[in-house]
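Engineer: In the UniProt record's numbering, the protein residues as written are 1 to 326.
Idealized CB from N, CA, C, for every residue including glycine.
Bear in mind that the values here come from a model prediction, so they are computed numbers and not experimental data.
This is the structure, below, for whatever I ask next.
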């Protein structure tokens, strides 16, 4: 098969489409013939040499894909050759084939094309596990999403609105905020021109956000704590603003607030399977009903993954950038 390889860490030009050995479906796995994958910021870090795949997983980048089952390994039930699926991966999505633990497979939801289904697994599992399974967002509460126009953000807006929450977003341009509003965002904050702490306080009558979904990490830590409501929950899922920050524990204690920080890629298989099962139970019906849909900025041939990485690095996109197998 062909896959995107990284001989040496570096810029987008480090991504090379070349022939590699086919993967093999081990016990409890299926082999998926990939139709499309999607670009996540973790892929950019892997390309730069900062985010190695977990031991035993594929060395190729790609944390989600869609395609058809080509082979079913021993010990797998409920899936058959030819089934159209999308999958959460620890790696290997930038390839023509990938071996996937059966617990990380999802059927392509009704109303979504096979190609566009590649935009769902990583972001939906990330949002559902952090915002709902850990932070327990409830109807009537306010969710603040940093990076509202990102792949994560566009799904988080829709899921939060579907359960009856109020949604605030930050983004860096009017165009991106307009797209967030189209998806249902109620409070629009341009982080280049506005202080999100002041804006969220004003919009909530001084209360603050009940849940914050944060991709920035250290840079926003203090302000996020100040923006939280009493009993608020801060869910950190990214470190684009650094890894070390100063935390005012007194402020956190006074608000009876909580901070969680998680990554999805390195979790044990059973934890990933539990998240995927919860997504299939709770989110797939919302997709079928049209309340949640993948937001795709563009589709790029997988053998031009370098261009896709440039697009994501420039941050001008809204939603997901897909890689389609040529």
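Below 6 angstroms CB to CB, which residues in the same chain sit around residue 210 once its five sequence neighbours on both sides are set aside?
Structural biologist: Locating residue 210 in the chain shown gives position 210, counting from the first residue. Cβ within range, chain order: 141, 142, 229 and 232.
Engineer: Apart from the five residues just before and just after residue 58, which ones in its own chain have a Cβ nearer than 6 angstroms to its Cβ?
Structural biologist: Along the chain shown, one-based indexing puts residue 58 at 58. 91 and 92.
Engineer: Just to confirm the assignment, what range does the beta strand (DSSP E) spanning residue 190 have?
Structural biologist: As a first step, residue 190 is located in the chain shown; it is residue number 190 there, counting from the start. Run containing residue 190: 187 to 190, per the beta strand (DSSP E) assignment.
Engineer: Using a threshold of 7 angstroms, is the CB atom of residue 14 nearer than that to any non-hydrogen atom of the ligand ATP?
Structural biologist: Questions concerning the ligand ATP fall outside what the structure shown contains, since it holds no ligand whatsoever.
Engineer: Could you check where the alpha helix (DSSP H) with residue 79 kicks off and where it finishes?
Structural biologist: To locate residue 79, count along the chain shown from 1; it is residue 79. Taken as a continuous stretch (DSSP letters only), residue 79 belongs to no alpha helix (DSSP H), as it is neither H nor E.
Engineer: Does DSSP put residue 155 in a helix, a strand or coil?
Structural biologist: Walking along the chain shown from the start, residue 155 turns up at place 155. Three-state result, residue 155: helix.
Engineer: Could you name the residues that DSSP lists as bridge partners for residue 137?
Structural biologist: Counting from one through the chain shown, the residue named residue 137 turns up at place 137. Residue 137 pairs with nothing; no bridge assigned.
Engineer: Should the stretch 97 to 104 be called in touch with the stretch 20 to 36, which here means at least 3 C-beta pairs below 8 angstroms?
Structural biologist: Judged by Cβ distances under 8 angstroms, the stretch 97 to 104 makes contact with the stretch 20 to 36, as three or more pairs qualify.
Engineer: Looking at the structure shown, is residue 88 part of a helix, part of a strand, or coil, going by DSSP?
Structural biologist: Counting from one through the chain shown, the residue named residue 88 turns up at place 88. The answer is strand: DSSP assigns residue 88 an E or B state.
Engineer: Label residue 55 either buried or exposed according to how many other C-beta atoms from any shown protein chain fall within 10 Å of its C-beta, with 16 as the threshold for buried.
Structural biologist: Taking the first residue of the chain shown as position 1, residue 55 is located at position 55. Burial call: exposed.
Engineer: Nearest-angstrom Cα distance between residue 201 and residue 94?
Structural biologist: Along the chain shown, read from residue 1 onward, the residue named residue 201 stands at position 201. Along the chain shown, read from residue 1 onward, the residue named residue 94 stands at position 94. Whole-angstrom Cα-Cα distance: 42 angstroms.
Engineer: Quick one: what's got a C-beta closer than 8 angstroms to residue 131's C-beta in the same chain, skipping five residues either side?
Structural biologist: Position 131 of the chain shown, counted from the first residue, corresponds to residue 131. Only 137, 143, 156, 159, 160, 211, 213 and 235 meet the Cβ criterion.
Engineer: For the alpha helix (DSSP H) containing residue 224, name the first residue and the last one.
Structural biologist: For the purposes of this step, residue 224 is taken as the residue at position 224 of the chain shown. Residue 224 -> alpha helix (DSSP H) spans 221 to 227.
Engineer: Which residue's Cα is closest to the Cα of residue 145: 112, 191 and 122?
Structural biologist: Within the chain shown, the letter at position 145 stands for residue 145. When each option's Cα is compared against that of residue 145, the closest is 191.
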